[in-house]
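Residue numbers (our numbering): 22 to 268.
Have a look at this one:
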């Protein structure tokens, strides 16, 4: 199989002090049957042994660096700047591809030139089990994120033209995808499970509140009375939940 026949896929892994999960992520990428991959690892100056894992596989990694950053989206932007592929995927530490053939199934044959973003299903793992989540209709992207960035591939030129906005701490990827939708870019859904996301760690109430606030700002819903009432109820719910859990 001649790798030059197929698009170069830049896969970026952002990691910080995640040595227990990083190796799983790396293997998920280097074991892909697809023949044309550029692998980039951006580490945030880890001190827990993560660097040892990176060095163990450095002959399989196209580029890696370890230095302080200003958060996950700053690190992801560093990866974008190093990318030379046709498409970019973010498979951060702890995430992994659904199987070793997923890239081959998506890029052989080559996607249509008009397609700007490819996205698909995600398998979520919870303490009570796992299930595959399919994205909602694309129209709902105007209100909230409908797919995981792990299960998406973006034309590289789009991300180089408009990097993630680092003023957002949780939803900069949503900000990017919504911008693409408004700009008339072609988002193509593929009925395939692309990535596995481990949700067992959970998300703190403060992060949930921040996420909802950012969703509101980005989608411009925060300007409406309906959203303000809903957001107020959301804050009260999580405040009471936190109070009862700590009581």
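All C-beta atoms, glycine included, are put in the ideal place defined by N, C-alpha and C.
What's the C-alpha gap between residue 201 and residue 71? Position 180 of the chain shown holds residue 201. Position 50 of the chain shown holds residue 71. Cα-Cα distance, rounded: 34 Å.
Quick one: grab the DSSP three-state call for residue 225. Position 204 of the chain shown, counted from the start, is the residue given in the question as residue 225. Confidence at residue 225 is low in this model, with a pLDDT of 48, below 50, so its placement is unreliable and no value can be given for it.
Pairwise C-alpha distance: residue 24 and residue 225: For the purposes of this step, residue 225 is identified with residue 204 of the chain shown, where counting begins at 1. For the purposes of this step, residue 24 is identified with residue 3 of the chain shown, where counting begins at 1. Bear in mind that a pLDDT of 48 at residue 225, under 50, signals an unreliable position, so the number given afterwards is only what the model happens to contain. Rounded to the nearest angstrom, the gap between the Cα atoms of residue 225 and residue 24 is 43 Å.
Tell whether a beta-carbon distance below 7 Å holds between residue 65 and residue 84. Along the chain shown, one-based indexing puts residue 65 at 44. Along the chain shown, one-based indexing puts residue 84 at 63. No Cβ-Cβ contact shorter than 7 Å links residue 65 with residue 84.
Taking the alpha helix (DSSP H) that residue 123 falls in, what are its first and last residues? By 1-based counting over the chain shown, the position of residue 123 is 102. Counting along the chain, the alpha helix (DSSP H) containing residue 123 begins and ends at 123-128.
Any chance you could list the beta strand (DSSP E) runs of at least 3 consecutive residues sitting entirely within the region 170-245, in chain order? Fully enclosed beta strand (DSSP E) runs of 3 or longer: 173-176 and 208-219.
Determine the burial state of residue 131: buried for a count of at least 16 other Cβ atoms within 10 Å of its Cβ, exposed for fewer. The residue given as residue 131 occupies position 110 in the chain shown. Exposed is the call here.
Opposite residue 85 in the DSSP bridges: which residues? Looking up residue 85 in the chain shown gives position 64. BP columns for residue 85 point to 62.
Within the chosen definition, does the region 72-80 reach the region 93-108 through at least 3 CB pairs nearer than 8 Å? Contact between the region 72-80 and the region 93-108 is not established, with fewer than three Cβ pairs separated by less than 8 Å.
Local Cβ density within 10 Å of residue 199, reported as buried at 16 or more and exposed below that: Residue 199 sits at position 178 when you count from the first residue of the chain shown. Buried: at least 16 other Cβ atoms inside 10 Å.
For the putative contact between residue 246 and residue 136, defined by C-beta atoms under 8 Å, what is the C-beta separation to the nearest angstrom? Within the chain shown, numbered from 1, the residue matching residue 246 stands at position 225. Within the chain shown, numbered from 1, the residue matching residue 136 stands at position 115. With a Cβ gap of about 39 Å, residue 246 and residue 136 do not count as contacting.
Near the ligand FAD: residue 216 beta-carbon under 6 Å from a heavy atom: Absent from the structure shown: the ligand FAD. Ligands present: none.
6 Å CB neighbourhood of residue 40 in its chain, flanking five on each side removed: Walking along the chain shown from the start, residue 40 turns up at place 19. If we look at residue 40 and ignore the five residues flanking it on each side, its Cβ neighbours are 69, 70, 71 and 74.
Residue 231 and residue 191 closer than 7 Å at C-beta: What you label residue 231 is simply residue 210 of the chain shown in a count that begins at 1. What you label residue 191 is simply residue 170 of the chain shown in a count that begins at 1. With contacts defined as CB atoms closer than 7 Å, residue 231 and residue 191 qualify as a contacting pair.
Looking at residue 139 and residue 209, is the spacing between their C-beta atoms short of 7 Å? To locate residue 209, count along the chain shown from 1; it is residue 188. To locate residue 139, count along the chain shown from 1; it is residue 118. It is a contact, given that the beta carbons lie within the stated cut-off.
Quick check: what's the CA-CA separation for residue 219 versus residue 240? As a working mapping, residue 219 is identified with position 198 in the chain shown. As a working mapping, residue 240 is identified with position 219 in the chain shown. Straight-line Cα distance between these residues: approximately 27 Å.
For a test of the three-state rule: what should DSSP assign to residue 133, helix, strand or coil? The residue given as residue 133 occupies position 112 in the chain shown. Coil.
Residue 25 (DSSP reduced to helix, strand or coil): Here residue 25 refers to the residue found at position 4 of the chain shown. Residue 25: helix per DSSP, three-state reduction.
Starting from residue 38, trace the alpha helix (DSSP H) both ways and give me its first and last residue. Looking up residue 38 in the chain shown gives position 17. For residue 38, no alpha helix (DSSP H) encloses it, and the DSSP letter there is neither H nor E.
Closest by C-alpha distance to residue 189, when choosing among 80, 161 and 93: As a working note, residue 189 is residue 168 in the chain shown. With distances taken between Cα atoms, residue 189 lies closest to 93.
Give me the Cα-Cα distance between residue 255 and residue 164, rounded to the nearest whole angstrom. Taking the first residue of the chain shown as position 1, residue 255 is located at position 234. Taking the first residue of the chain shown as position 1, residue 164 is located at position 143. Cα atoms of residue 255 and residue 164: separation of roughly 16 Å, rounded to the nearest angstrom.
CA-to-CA distance, residue 134 to residue 249, given in whole angstroms: Translated into positions along the chain shown, residue 249 becomes position 228. Translated into positions along the chain shown, residue 134 becomes position 113. Our two residues, residue 249 and residue 134, have alpha carbons roughly 41 Å apart in a direct line.
Can you give me the Cβ contacts of residue 236 inside the same chain, cut-off strictly under 8 Å, excluding the 5 residues immediately before and after it? The sequence position of residue 236 within the chain shown is 215, counting from 1. 164, 165, 166, 192, 195 and 242.
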